[in-house]
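Here is the structure we will look at.
Number of protein chains: 2
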Amino acid sequence: MALEHAILVSLLEKPGSGYELARRFERSIGYFWTATHQQIYRVLKRMESEGLLAVRELSQQSRPDKKEYSVVGPGRTALSQWLHESIQPESMRHELAVKIRGAAFDDPSVLIREVERHRQVHIDRLAHYLAGELRDFTGPAAPTPLDAGQELQHVVLRGGIAYERMTIAWLDDVLATLRRLGTSPPHV
Amino acid sequence: MALEHAILVSLLEKPGSGYELARRFERSIGYFWTATHQQIYRVLKRMESEGLLAVRELSQQSRPDKKEYSVVGPGRTALSQWLHESIQPESMRHELAVKIRGAAFDDPSVLIREVERHRQVHIDRLAHYLAGELRDFTGPAAPTPLDAGQELQHVVLRGGIAYERMTIAWLDDVLATLRRLGTSPPHV
DNA sequence: TCCTCATATGCAACTCGTTGCATAGCCAAG
DNA sequence: CTTGGCTATGCAACGAGTTGCATATGAGGA
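As structure tokens, this is what we get:
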């Protein structure tokens, strides 16, 4: 159900089209909730038919027309209601960890490249987050003081930064372990 | 596709029934991959029909019969093949983060209890992981030296521990932010 | 005796999410 | 002038995951 709520939050922050939402889900919102454009278009249509959103068809010059969605009363109420409900803490879904345990039944060194690749992705994400933090929250161009919405966006971004740092450190640990096992006598 | 591979890993570590796998997915394997018993039974049946697993019907006294699954040749090959493929790094799914950003459009203090509840869950998980680490890997009752499989299980568990510690620290940050905003003048 | 709990397996219906494909307008480069 | 790229929206089919329900055995307690 959370895609619906992620869309409400994003559209309250700023109205936009399905295409624009899909872009936001590649940055910003997408740091902690992902969705493809097909999913977004489908849910937007449903939410509009349920009266949570309003559409405005905008003809643009030099571009195809778009439909701009914005949150209306019942949508705001739905979000508020959801905020008052409790959700259950995240359950893990870490495919790489499954692979690492699986490596016991093959040659552990086959995973070294894979783990290095993941490590690089997380390093890039961290750099991206840090640049965003500087631009929007802690740099000289950032507004001072931050309003409540910006403070909350910032604390979520700090979570992303902490997650990437933790992950990079862990992947270093994994690499050290795989390399150590690689030089030991084989097993199984 | 990863449920299939998580099952292969778990059954290679030790053969077992659907019920037993479901239990393992509540501990151990479940720390980084979750599944319900319905999902497990369905996939076991499919994997058996594809020749990845073998079944043995065991009649037990004082308990209903069970079907014990174990990995056979093609299953081992399938796992090995998967280990050589590359997967794409995890995409986040953090519902609480959506809520935190959404709190900008309601009273941020409504989230304080919710975040405190999540924090407690993570503290409990951390304690549980640390107890498991002591029991299986670092305590006096642990085998020395550890074999490759145990080393790999340990490094995965260290990842879980690092994740929980990071999350608890972040939730403290979130709580401090929510409390600070709660004492500021309202917004929106 | 009846109820509940733990073991053990499964179906049916549903929602959520992914993948591949299709369409269409306009721009810029070759 | 054709091709590729970006904006913009959408269908169809499939696969993954959840929820509710159903069934059966046997243990232990009220």
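Residue numbers (UniProt numbering), protein chains in the order written: chain W, 1 to 188; chain H, 1 to 188.
We treat Cβ as the ideally placed atom computed from N, Cα and C, and that holds for glycine.
Just so you know, these numbers come straight off a predicted model, no measurement behind them.
Check                                                                                                                                                   : Outcome
For chain W, check one thing: does any of its Cβ atoms lie closer than 7 Å to the Cβ of His5 (chain H)?                                                 : yes
Please identify the residue among W:Glu4, W:Tyr31, W:Gly51 and W:Val71 whose C-alpha is closest to the C-alpha of Glu13 (chain W).                      : W:Val71
List, in chain order, every chain W residue whose beta-carbon is nearer than 8 Å to that of His94 (chain H).                                            : Phe32, Trp33, Glu90 and Gly159
Identify which residue in H:Glu50, H:Ile29, H:Tyr31 and H:Phe25 has its Cα closest to the Cα of Gln38 (chain H).                                        : H:Phe25
Within 7 Å of any Cβ in chain H, is that where the Cβ of Ile87 (chain W) sits?                                                                          : yes
Is the Cβ-Cβ distance between His118 (chain W) and Pro89 (chain H) less than 7 Å?                                                                       : yes
Thinking just about the alpha-carbon of each residue, which of H:Glu50, H:Glu164 and H:Ala78 is nearest to the one in His128 (chain H)?                 : H:Glu164
Counting Cβ pairs, one atom from each stretch, are 3 or more of them under 8 Å apart for the stretch 55-69 of chain H and the stretch 16-30 of chain H? : yes
State the Cα-Cα distance for the pair Met1 (chain W) and Ile100 (chain W), rounded to the nearest angstrom.                                             : 31 Å
Would a C-beta distance cut-off of 7 Å place Leu8 (chain W) and Val110 (chain H) closer than the cut-off?                                               : no
Taking Cβ to Cβ, would you say Trp170 (chain W) is nearer than 7 Å to Gly159 (chain H)?                                                                 : yes
Grouping DSSP H, G and I as helix and E and B as strand, with all else coil, what is Arg23 (chain H)?                                                   : helix
Applying the 10 Å Cβ sphere with the 16-neighbour rule, what's the burial state of Gly75 (chain W)?                                                     : buried
Classify Ser10 (chain H): buried if its beta carbon has 16 or more other beta carbons within 10 angstroms, exposed otherwise.                           : buried
Using the Cα positions of Pro186 (chain W) and Arg93 (chain H), report the straight-line distance between them to the nearest angstrom.                 : Because the pLDDT at Pro186 (chain W) is just 49, under 50, the model does not fix this residue reliably, and the value given afterwards should be weighed accordingly. Distance between the alpha carbons of Pro186 (chain W) and Arg93 (chain H): 37 Å.
Please classify Leu58 (chain H) as buried or exposed, where buried requires at least 16 neighbouring CB atoms within 10 angstroms.                      : exposed
When you compare each of H:His122, H:Thr144, H:Leu181 and H:Val115 to Pro145 (chain W) by their alpha carbons, which one comes out closest?             : H:Leu181
Return the first residue and the last residue of the alpha helix (DSSP H) that Lys66 (chain H) is part of.                                              : Looking at the DSSP string, Lys66 (chain H) is not in any alpha helix (DSSP H); the run it does join, the beta strand (DSSP E), is Lys66 to Val71.
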